[in-house]
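Peer 1: If you count the sequence shown from 1, position 74 lands on 54 in our numbering, and the numbers rise without skipping. One structure follows; several queries about it will come next.
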Amino acid sequence: MSLRNIFRRVPVSFLVVLLFSCQPEAEQPAPELPPTPVLTSDSSWGVTQVTYQRIQESARQDAPVAGVLRRGDVVQIYARVSVTGTSYWLEVISENARGWVPDSGIAVYDSKAQALTASAEMK
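Following this line, the structure appears as C-alpha cells:
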C-alpha cells in the first residue's frame, strides 16, 4: 500500500488532528488554591468555672450523673441545646466522662490552647 493510497483512505481532518496532537504540550501553571485555615473544627472548648459540676447523661437536671468536673477542668464541647431563650446545655467530653452540663458553669473558648491557658491561670 503506497502513501498515496493511505491519504485517500484516511480523512484529512484525522491527519490534522494527529499532526497537532504529537506536539509537546505547554507546561500548565499550578492552580492557585485558597489558603487553608490553620484549624477547622465544629467543636469548641470550655473550662469549668465552678468548684464542682456534674456531667449528666442527658440534658436534664434529673438525668443520671455520668461524671464530675472540677474548677479549671478543660472539656471539648460538641453540641449546644437551648433550654430557654437564655439557658443552654452543652454536650462535653472530659478526660473521664462524656455528657451534658449547663452552660452557666462553663467558659467557652474557640481553641484548645485558649482553654488550656485559661485553665492554667485558674489553678
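No residue lacks a Cβ here, since even glycine has one placed at the ideal position from N, Cα and C. Quick caveat, the model's predicted, so the values are computed rather than measured.
1. Tell me whether residue 12 is buried or exposed, calling it buried when 16 or more other Cβ atoms sit within 10 Å of its Cβ.
2. What would DSSP say about residue 79, mapped onto helix, strand or coil?
3. Which value, in whole angstroms, describes the spacing of the CA atoms of residue 50 and residue 82?
4. Measure the C-alpha to C-alpha separation of residue 60 and residue 28 and round it to an integer number of angstroms.
5. Kindly identify the DSSP beta-bridge partner or partners of residue 36.
6. Taking the alpha carbon of residue 57 as the point to measure from, which residue in 8, 93, 97 and 80 has its own alpha carbon closest?
7. Let me know the secondary structure DSSP gives residue 85 once reduced to three states.
8. With DSSP as the reference, label residue 94 as helix, strand or coil.
9. What distance in whole Å lies between the Cβ atoms of residue 25 and residue 95, which are believed to be in contact at a cut-off of 8 angstroms?
10. In its own chain, which residues sit with a C-beta less than 7 angstroms from the C-beta of residue 87, not counting the 5 before and 5 after it?
11. Beta carbon of residue 32, beta carbon of residue 48: below 8 angstroms?
12. Going by DSSP, what residues sit across from residue 50 in a beta bridge?
Peer 2: Well, looking at it:
1. Within 10 angstroms of the beta-carbon of residue 12 lie fewer than 16 other beta-carbons, which makes it exposed.
2. Annotated three-state conformation of residue 79 is strand, per DSSP.
3. About 14 angstroms.
4. Rounded to whole angstroms, residue 60 to residue 28 spans 16 angstroms at the Cα level.
5. As DSSP reads the structure, residue 36 sits in a beta bridge with 45 and 80.
6. Nearest C-alpha to residue 57: 80.
7. Assignment of residue 85 by DSSP, reduced to helix, strand and coil, places it in the helix class.
8. Looking at residue 94 - three-state DSSP - the assignment turns out to be helix.
9. 4 angstroms between Cβ atoms; contact.
10. Closer than 7 angstroms at the Cβ level, and outside the excluded window around residue 87, lie 26, 27, 29 and 98.
11. Here residue 32 is near residue 48, since their CB atoms are less than 8 angstroms apart.
12. When DSSP reads this structure, residue 50 sits in a beta bridge with 32.
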